[in-house]
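See below for the structure under consideration.
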Amino acid sequence: MRGILLYILIFLGLSVAGCRGGRSYDSRLATADSLVASQPDSALRILRSVGFDSMCSDADRAYFALLLTQAKYKCDETITSTDTIDIAVDYFFDGSDADKRLRSLIYRGASLTDMGEITAAMEAYKQAEAAASPDDYENLGYINLRMASLYQKVYSDGREYIDKYRKALHYYELSGNKHYQIVCTSRLGGFYRMGRMDSAYYFIHKSIELAKSEKDSAWLFNNYELLARSYWADSLYQKQKEIALYIIKSAPKYATSDCFYDLCLAYAKLNMPDSAQYYYDLIPNIDYDDTENVIRLLTLSNIESAKGNHKKALQLNNSYIHLSDSLTSTQLSRKLSSVENFYDKQTINVRHRKEKTDYYIYGILIIAVLIVMFIVLVLRHKRNIQSLNELILELKQSQEEAERTIERNKEVLNRINEEKSVYKNQVQYSETVVKSIKSAFDFQFQRLKDIFILVDTNVNKDSIAKKKVKAILFNRITEDEISQFILYANLTHNNIIDKIKESYSNLKDEDIKLIALFVCDFPNAYIQLMMGYSNKQSVINHRRKIENKANFGMPLKDYISSFKTTKP
Numbered sequence: 000m001r002g003i004l005l006y007i008l009i010f011l012g013l014s015v016a017g018c019r020g021g022r023s024y025d026s027r028l029a030t031a032d033s034l035v036a037s038q039p040d041s042a043l044r045i046l047r048s049v050g051f052d053s054m055c056s057d058a059d060r061a062y063f064a065l066l067l068t069q070a071k072y073k074c075d076e077t078i079t080s081t082d083t084i085d086i087a088v089d090y091f092f093d094g095s096d097a098d099k100r101l102r103s104l105i106y107r108g109a110s111l112t113d114m115g116e117i118t119a120a121m122e123a124y125k126q127a128e129a130a131a132s133p134d135d136y137e138n139l140g141y142i143n144l145r146m147a148s149l150y151q152k153v154y155s156d157g158r159e160y161i162d163k164y165r166k167a168l169h170y171y172e173l174s175g176n177k178h179y180q181i182v183c184t185s186r187l188g189g190f191y192r193m194g195r196m197d198s199a200y201y202f203i204h205k206s207i208e209l210a211k212s213e214k215d216s217a218w219l220f221n222n223y224e225l226l227a228r229s230y231w232a233d234s235l236y237q238k239q240k241e242i243a244l245y246i247i248k249s250a251p252k253y254a255t256s257d258c259f260y261d262l263c264l265a266y267a268k269l270n271m272p273d274s275a276q277y278y279y280d281l282i283p284n285i286d287y288d289d290t291e292n293v294i295r296l297l298t299l300s301n302i303e304s305a306k307g308n309h310k311k312a313l314q315l316n317n318s319y320i321h322l323s324d325s326l327t328s329t330q331l332s333r334k335l336s337s338v339e340n341f342y343d344k345q346t347i348n349v350r351h352r353k354e355k356t357d358y359y360i361y362g363i364l365i366i367a368v369l370i371v372m373f374i375v376l377v378l379r380h381k382r383n384i385q386s387l388n389e390l391i392l393e394l395k396q397s398q399e400e401a402e403r404t405i406e407r408n409k410e411v412l413n414r415i416n417e418e419k420s421v422y423k424n425q426v427q428y429s430e431t432v433v434k435s436i437k438s439a440f441d442f443q444f445q446r447l448k449d450i451f452i453l454v455d456t457n458v459n460k461d462s463i464a465k466k467k468v469k470a471i472l473f474n475r476i477t478e479d480e481i482s483q484f485i486l487y488a489n490l491t492h493n494n495i496i497d498k499i500k501e502s503y504s505n506l507k508d509e510d511i512k513l514i515a516l517f518v519c520d521f522p523n524a525y526i527q528l529m530m531g532y533s534n535k536q537s538v539i540n541h542r543r544k545i546e547n548k549a550n551f552g553m554p555l556k557d558y559i560s561s562f563k564t565t566k567p
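Numbered by numbering that gives the first Met the number 0, the letters in the sequence shown go through residues 0 to 567 in order.
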């Protein structure tokens with residue numbers, strides 16, 4: 000046994016040493032990693048020539064899985080499964096290589112995004128954000144940029160979308176990355192264009208100035224198009240026409256279909272339908288989806304209105320309204336800012352610092368706490384069962400004592416029944432005896448309440464212990480016992496039971512028994528136990544049935560009181 004334990008300890012020691020010590024990766028992987036950010040296609044060729052099966056260690060296999068996913072993503076290859084990146088996530092989860100752990104979480108989020116698993120992707124990015132160093136501005140900016148894009152995909156409320164882009168912009172300003180400052184400011188401008196024009200103009204002009212300073216023509220003309228669409232929203236059609244025309248003539252390769260729609264709308268609003276129709280005819284004839292059809296129908300409606308074809312313009316406008324109403328605000332927002340919805344995957348270079356948190360220690364502590372909690376619960380359960388068994392034993396003893404008391408009192412009542420010469424003493428003595436009987440039931444009933452409080456607190460409803468308790472408590476009174484109560488009822492209430500039997504032949508034996516117990520003034524809860532009913536309401540229901548069948552002309556309680564003899 001000691002030998003086995005020794006082997007286990009040696010294995011654990013080697014495992015921990017391996018996790019904490021430095022790793023030496025395959026040199027081919029290091030080469031691919033140096034290219035994956037700037038030349039992902041070259042990195043992908045290297046990885047495919049090397050192959051996963053050639054990796055000799057778990058560390059190299061995890062590193063290979065990370066680089067392969069990263070390279071595929073940057074080369075715009077569609078990712079349909081997280082099986083590969085999960086190898087890296089699982090291996091680097093211990094935090095001993097913080098850079099690769101963070102990269103694996105980021106590209107797991109990217110893979111899930113490609114697969115349409117938005118919620119899972121958001122969770123991966125949140126884990127990445129938590130794992131990043133507080134001063135790692137570059138990566139924190141990128142993570143928040145990706146989360147912002149996810150909010151844009153699934154939420155119509157723009158609060159989270161704006162918060163994430165503002166946060167990303169803040170980190171990129173701290174890191175000095177102007178390229179992604181352009182991305183953030185452009186997207187914020189596009190979003191604010193939907194309602195807050197002052198904010199929209201501020202961020203769009205800021206993005207234009209950044210694009211000029213970086214000499215980034217693609218983003219420069221992208222922001223000019225956003226500015227044109229902003230002028231449309233602000234009814235500044237002349238400015239919209241000028242900037243859209245400038246894009247189309249100065250940089251035709253950056254002129255999107257949205258830019259042509261902007262120019263057509265501006266010419267139509269400026270009452271220049273021929274120019275509007277000319278540029279509309281230049282738009283490529285493609286298969287339109289619903290969101291593309293919205294802007295197309297809006298443009299055609301304005302062109303026909305400018306031509307004076309008001310009936311056709313109205314028909315087109317109605318189609319536009321019907322289609323736009325059928326789309327969610329998120330879809331429309333996404334289409335109207337479609338030029339903003341792309342990522343520059345070729346220029347991301349994710350690098351992270353060491354993470355010092357020891358996940359192994361946390362895991363051991365959590366397991367230890369769970370074990371202690373389990374032991375405490377087991378001991379507590381045993382104490383409860385022990386208390387329950389003790390109370391059941393005490394209940395049995397109380398039950399036996401109550402039964403002995405009832406037997407003694409029954410003998411006394413039998414003698415009273417035989418000695419009817421002194422009526423006054425019979426009544427007085429019988430009341431004393433019945434009080435003793437009721438006292439025994441009262442003690443029994445109180446024990447019932449105590450035991451069920453404990454049972455309901457500590458024992459499952461279907462447990463053997465609870466069934467055992469019910470078997471002890473729910474004992475119906477015998478025919479012999481009920482005859483004693485009928486005798487007492489007749490003695491104290493001028494032969495009430497005999498007279499009821501004689502006058503109301505439609506009453507059943509159960510009804511007579513209940514009336515006798517009512518005459519003896521037992522509470523409904525006692526009668527429930529003595530008659531074996533499931534609840535106290537059953538006692539009340541049976542009393543009402545008796546009143547309806549007998550038609551006493553008054554409540555049963557008053558009817559019983561009318562028979563009561565004067566006490567000595």
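The beta-carbon is built from N, C-alpha and C at its ideal position, and this holds for glycine as well. Fair warning: this is a prediction, and the values are worked out from it, not measured in the lab.
For the alpha helix (DSSP H) that residue i lies in, which residues bound it at each end?
i, result
"Asn-523", "523-530"
"Ser-185", "177-191"
"Thr-477", "That residue, Thr-477, is in no alpha helix (DSSP H); it is neither H nor E in DSSP."
"Ser-561", "Segment: none, Ser-561 is in no alpha helix (DSSP H) and carries neither H nor E."
"Cys-258", "256-268"
"Ile-63", "It is worth fixing the name first, because residue 63 is Phe in this sequence and not Ile. Counting along the chain, the alpha helix (DSSP H) containing Phe-63 begins and ends at 57-73."
"Phe-220", "216-232"
"Thr-83", "82-90"
"Ser-537", "535-549"
"Asp-497", "495-502"
"Leu-43", "39-49"
"Leu-506", "Run containing Leu-506: none; DSSP gives neither H nor E here."
"Tyr-171", "158-174"
Within its chain, find whatever has a CB closer than 7 Å to the CB of residue i; leave out the 5 residues flanking it on each side and keep chain order.
i, result
"Ala-42", "Ala-31, Leu-34, Val-35, Leu-66, Ala-70"
"Phe-202", "Thr-184, Leu-187, Gly-188, Tyr-191"
"Ile-539", "Asn-523"
"Ala-275", "Cys-263, Tyr-266, Ala-267, Ile-302, Ala-305"
"Tyr-170", "Tyr-136, Leu-139, Gly-140, Asn-143"
"Asp-109", "Residue identity differs from the one stated: residue 109 is Ala in this sequence, not Asp. Hits under 7 Å: Tyr-72."
Look at the alpha carbon of residue i and the alpha carbon of residue j, and state the distance between them as a whole number of angstroms.
i, j, result
"Ser-206", "Leu-111", "30 Å"
"Leu-555", "Val-375", "56 Å"
"Arg-165", "Lys-125", "16 Å"
"Leu-101", "Ala-123", "10 Å"
"Asn-301", "Ala-120", "41 Å"
"Ile-347", "Glu-137", "The predicted position of Ile-347 is uncertain, since its pLDDT is 36 and thus under 50; a value taken from the coordinates is nonetheless stated next. Near 10 Å, if we compare the C-alpha coordinates of Glu-137 and Ile-347."
"Leu-378", "Ile-363", "23 Å"
"Met-372", "His-380", "12 Å"
"Phe-92", "Asp-98", "11 Å"
"Ser-256", "Leu-299", "14 Å"
"Ala-61", "Tyr-90", "6 Å"
"Glu-478", "Ser-560", "25 Å"
"Ser-249", "Asp-162", "35 Å"
"Gln-38", "Ser-198", "37 Å"
"Met-196", "Tyr-236", "15 Å"
"Ala-367", "Gly-94", "21 Å"
"Lys-240", "Ile-282", "16 Å"
"Lys-548", "Gln-483", "25 Å"
"Met-146", "Ala-127", "11 Å"
"Asn-550", "Ser-504", "12 Å"
"Asp-273", "Lys-310", "19 Å"
Starting from the C-beta of residue i, find all residues in its chain whose C-beta is less than 8 Å away, skip the five residues before and the five after it, and write them out in chain order.
i, result
"Met-271", "Ala-305"
"Ala-488", "Ile-495, Ile-496, Ile-514, Ala-515, Val-518, Cys-519"
Under 7 Å between the Cβ atoms of residue i and residue j?
i, j, result
"Leu-139", "Ala-131", "yes"
"Lys-569", "Ile-481", "With the chain covering 0 to 567 only, the question about residue 569 has no answer from this structure."
"Leu-209", "Lys-177", "yes"
"Ser-318", "Leu-297", "no"
"Ala-243", "Asp-261", "yes"
"Glu-224", "Cys-258", "yes"
"Asp-52", "Asp-25", "no"
"Thr-79", "Tyr-106", "no"
Just to confirm my understanding: we take residue i, look at its own chain, exclude 5 residues before and 5 after, and list those with CB closer than 6 Å. What are they?
i, result
"Asp-557", "none"
"Ala-312", "Ser-300, Glu-303, Ser-304"
Using only the heavy atoms of the ligand ZN, determine whether one of them is closer than 6 Å to the beta carbon of residue i.
i, result
"Asp-289", "Only the bare structure without any ligand can be found here, which leaves the ligand ZN out of the picture."
* Can you find at least 3 beta carbon pairs, one from the stretch 210-226 and one from the stretch 178-198, that sit closer than 8 Å? -> Yes: the two stretches touch, three or more of their Cβ pairs being nearer than 8 Å.
* Cβ contact (3+ pairs, closer than 8 Å) linking the stretch 190-199 and the stretch 140-150 -> Counting C-beta pairs closer than 8 Å gives fewer than three between the stretch 190-199 and the stretch 140-150, which falls short of the contact rule.
* **Cβ contact (3+ pairs, closer than 8 Å) linking the stretch 489-501 and the stretch 526-536** => Pairwise C-beta distances place the stretch 489-501 out of contact with the stretch 526-536, as fewer than three of them are shorter than 8 Å.
* Asked: Do the stretch 82-98 and the stretch 114-121 make contact, defined as three or more Cβ pairs closer than 8 Å?
  -> No, the stretch 82-98 is not in contact with the stretch 114-121.
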